[in-house]
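Taking it in order: structure first as structure tokens, then the write-up.
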Amino acid sequence: MKNQAEIKNCPSCGNFFNYTGIRETCVPCAQKEEKIFEEVYRFLRKRENRAATVEQIVKATGVDEDLLYRWVRRGRLQPTLFPNLGYPCDKCGGLTTKGNICESCVEELQNDLKQFEAAEELREAVTRRDEHSYYAKRD
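The sequence shown lines up with residues 242 to 380 when you count with my numbering.
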């Protein structure tokens, strides 16, 4: 059975296109995006620009910041080669290079989970103790 295309609106220009799951935009917009990518990549390949920040890349090339983030998220631009690249953390907005949240937010969530688990263990211990306790009533 062949994959069937569906008709979608291009998020860049609004025109209809056949979406097959490969490209998120229509062909003309994808071609424009590819030209911009080539310009950004040429800029970053220069030794003096390899450590450029997102803001510096946007200013120098005119690329849309969200497009730059999408390329990093999809692995087209790799932070291992360009150390100041990343995309926004879903929790705090700081830059991250893998997953949806940055390392500091991961640590914060892990600490919160540990505190929750410790509190849950304490509640269970108190409940078990109370189940085995007998209270005498004084008159």
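Built from N, CA and C at the ideal position, the CB exists for glycine as well.
Measure the Cβ-Cβ separation of residue i and residue j and say whether it is below 7 Å.
{"i": "Ala271", "j": "Thr261", "result": "no"}
{"i": "Ala301", "j": "Phe284", "result": "yes"}
{"i": "Thr381", "j": "Cys330", "result": "It is not possible to answer for residue 381, since the shown part of the chain is limited to 242 through 380."}
{"i": "Ile342", "j": "Lys355", "result": "no"}
{"i": "Val313", "j": "Leu326", "result": "yes"}
Kindly indicate which three-state DSSP category residue i falls into: helix, strand or coil?
{"i": "Asn341", "result": "coil"}
{"i": "Phe357", "result": "helix"}
{"i": "Phe284", "result": "helix"}
{"i": "Asn325", "result": "coil"}
{"i": "Asn290", "result": "helix"}
{"i": "Glu372", "result": "helix"}
{"i": "Leu336", "result": "strand"}
{"i": "Leu350", "result": "helix"}
Between which two residues does the beta strand (DSSP E) harbouring residue i extend?
{"i": "Lys249", "result": "Glu247 to Asn250"}
{"i": "Leu259", "result": "Strictly speaking, residue 259 in this sequence is Asn, with Leu absent from that position. Phe257 to Tyr260 is the span of the beta strand (DSSP E), which, as asked, contains Asn259."}
Over the uninterrupted alpha helix (DSSP H) stretch that includes residue i, give me the two end residues.
{"i": "Thr266", "result": "That residue, Thr266, is in no alpha helix (DSSP H); it is neither H nor E in DSSP."}
{"i": "Glu311", "result": "Correcting the residue identity first, residue 311 is Arg in this sequence and not Glu. From DSSP, the alpha helix (DSSP H) with Arg311 extends over Glu306 to Arg314."}
{"i": "Lys300", "result": "Val295 to Thr302"}
If I'm right that residue i touches residue j with Cβ under 8 Å, what's the distance once you round it to whole angstroms?
{"i": "Glu280", "j": "Leu308", "result": "Glu280 to Leu308, Cβ: 12 Å. No contact."}
{"i": "Tyr328", "j": "Tyr310", "result": "4 Å"}
Any chance the stretch 248-265 sits against the stretch 286-295, with 3 or more Cβ pairs inside 8 Å?
Counting Cβ pairs under 8 Å, fewer than three are found: no touch.
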